[in-house]
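Numbering (the numbering used here), first residue to last: 2 to 370. Backbone N, C-alpha and C define an ideal beta-carbon position, used for all residues, glycine too.
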Ligand SMILES: C[S@@+](CC[C@H](N)C(=O)[O-])C[C@H]1O[C@@H](n2cnc3c(N)ncnc32)[C@H](O)[C@@H]1O
Ligand SMILES: [Zn+2]
């Protein structure tokens, strides 16, 4: 059957839609954002690699919708080659595209310093492809990657997380943010090993996946600086839900005095580049063909106003401290009146980000009914 995404028409077999293995229509938002991010990064004449491309949808869309020079559309599966070929032909991008059929690690390891942008969109974890990406990316380049192993990253399977990412996860009330911070820390460490700095530009979660777009630059000093500035600990009290990011582990809860859970090292630096997100926000009006445009705008609006670490889940905080759930707007105003910063978060509609300490939050909530 023929599906339309952006300016691109795609031939997708029905059996792929049923299994959602090689093509998942629900991930259109992520693909729309890839187009927007590449436009915002001025991708003119770039060489791009869609390393795990399935039916080639993301790569074909980049070839069709962005002013890049070349897109390599790779996948290990032979099964989807006819559809990748058909999609390239259907969109008249044959001269811009190179179709390959290799293990992504093999392909990226063999093609050193070729690509300006590499996309890693696996089932599960992207971690297996970071080392080869560090070989294939230019000295200044960009990566976009997804992770769908949310159970490992968000604290349901801490030992799997340790095995894959080198960091033990833990169940918290801000589990989605912790997951993405573990993912980014692990990516930054992998690239630092090859003397690349790692700067997150846009990171988000939607449905069942995490996605991160980041800038990579080669240089020992900047790679070391990335780790020094970005890594630290999430200190968390499972008893009263106090939390704090810090460069050092904090073993005693500052609210109730209990022993804390120290998680890390994780990424405690910014996970969004607010100036870049502002540019994406401005650019979206020039890329009016994105079907999920309204959703993208809503997401960008939240992201460009989201800079504080570790959201509180208001329902969990209230449950834990025996409080009634406050009206968000009233709580927001009360905190602002006391001089604290308040943000909503895309991670959760019942989440609130604030620099107010837990003891202040607990004191103010009962007054905000
Ligand atoms: C989530 S799907 C890709 C979906 C696609 N990017 C999209 O937007 O529709 C993951 C793909 O990775 C491919 N794959 C799995 N292991 C691979 C490997 N080692 N090298 C290259 N491709 C691989 C699978 O065949 C599958 O098509
Ligand atoms: Zn505590």
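Check: residue i C-beta below 8 Å from any heavy atom of ligand 2
i: residue 256; result: yes
i: residue 319; result: no
i: residue 268; result: no
i: residue 240; result: yes
i: residue 259; result: yes
i: residue 243; result: yes
Rounded separation between residue i and residue j - CA only
i: residue 350; j: residue 27; result: 20 Å
i: residue 159; j: residue 191; result: 19 Å
i: residue 313; j: residue 179; result: 12 Å
i: residue 94; j: residue 5; result: 16 Å
i: residue 96; j: residue 52; result: 18 Å
i: residue 285; j: residue 308; result: 21 Å
i: residue 157; j: residue 168; result: 13 Å
i: residue 256; j: residue 365; result: 15 Å
i: residue 110; j: residue 254; result: 46 Å
i: residue 18; j: residue 49; result: 26 Å
i: residue 275; j: residue 16; result: 40 Å
i: residue 60; j: residue 202; result: 20 Å
i: residue 42; j: residue 356; result: 32 Å
i: residue 198; j: residue 223; result: 5 Å
i: residue 90; j: residue 280; result: 33 Å
Identity of the residue in the options nearest residue i by Cα
i: residue 188; options: 293, 143, 12; result: 143
i: residue 14; options: 35, 57, 38, 47; result: 57
i: residue 245; options: 306, 334, 55, 359; result: 359
i: residue 122; options: 145, 112, 279; result: 145
i: residue 282; options: 300, 25, 272; result: 300
i: residue 1; options: 30, 38, 195, 193; result: Any answer about residue 1 is impossible in this case: the structure gives the chain only from 2 up to 370.
i: residue 175; options: 2, 362, 363, 347; result: 347
i: residue 310; options: 11, 342, 164, 36; result: 342
i: residue 79; options: 231, 23, 147, 185; result: 23
i: residue 444; options: 334, 82, 211; result: Residue 444 lies beyond the stretch modelled for the chain, which goes from 2 to 370, so this question has no answer here.
i: residue 186; options: 140, 227, 295; result: 227
i: residue 106; options: 253, 47, 345, 77; result: 77
i: residue 213; options: 273, 225, 260, 168; result: 273
i: residue 316; options: 362, 201, 86, 293; result: 362
i: residue 328; options: 259, 340, 353, 306; result: 353
i: residue 369; options: 224, 7, 334; result: 334
i: residue 71; options: 85, 184, 47; result: 47
Chain C within 9 Å of residue i, Cβ atoms only
i: residue 367; result: Among the protein chains of the structure shown there is no chain C, as only one such chain exists.
Contact test: residue i Cβ vs ligand 1 heavy atom, cutoff 8 Å
i: residue 78; result: yes
i: residue 59; result: yes
i: residue 55; result: yes
i: residue 342; result: no
i: residue 32; result: yes
i: residue 103; result: yes
i: residue 148; result: no
i: residue 73; result: no
i: residue 28; result: yes
i: residue 120; result: yes
i: residue 132; result: no
i: residue 52; result: yes
i: residue 81; result: yes
i: residue 92; result: no
i: residue 205; result: no
i: residue 116; result: no
heavy atom of ligand 3 below 8 Å from residue i C-beta
i: residue 123; result: Absence of ligand 3 from the depicted structure is noted, with ligand 1 and ligand 2 being the only ligands included.
Counting Cβ pairs, one atom from each stretch, are 3 or more of them under 8 Å apart for the region 94-101 and the region 118-130?
-> no
Are the region 314-328 and the region 47-67 touching by the rule of at least three beta carbon pairs closer than 8 Å?
-> no
Taking only runs that begin and end inside the region 306-352, name each unbroken beta strand (DSSP E) of 3 or more residues, in chain order.
-> 343-346
Meets three-Cβ-pair contact criterion under 8 Å: the region 203-216 and the region 143-155 = yes
State whether the region 213-222 contacts the region 236-250, with contact taken as three or more CB pairs (one from each stretch) at a distance under 8 Å.
-> no
Complete beta strand (DSSP E) runs within the region 259-303 (minimum length 3 residues, chain order) | 262-268
Contact between the region 230-237 and the region 250-269: three or more CB pairs below 8 Å?
-> yes
Runs of beta strand (DSSP E) lying entirely within the region 65-105, each at least 3 residues, in chain order | 71-75, 98-101
Sufficient close CB pairs (3 or more, under 8 Å) joining the region 134-141 to the region 162-171 | no
Secondary structure, beta strand (DSSP E): runs of 3+ residues fully inside the region 136-164 = 138-148
Can you list, in chain order, the stretches of the alpha helix (DSSP H) that have 4 or more residues and sit fully within the region 169-239?
-> 176-194, 221-231
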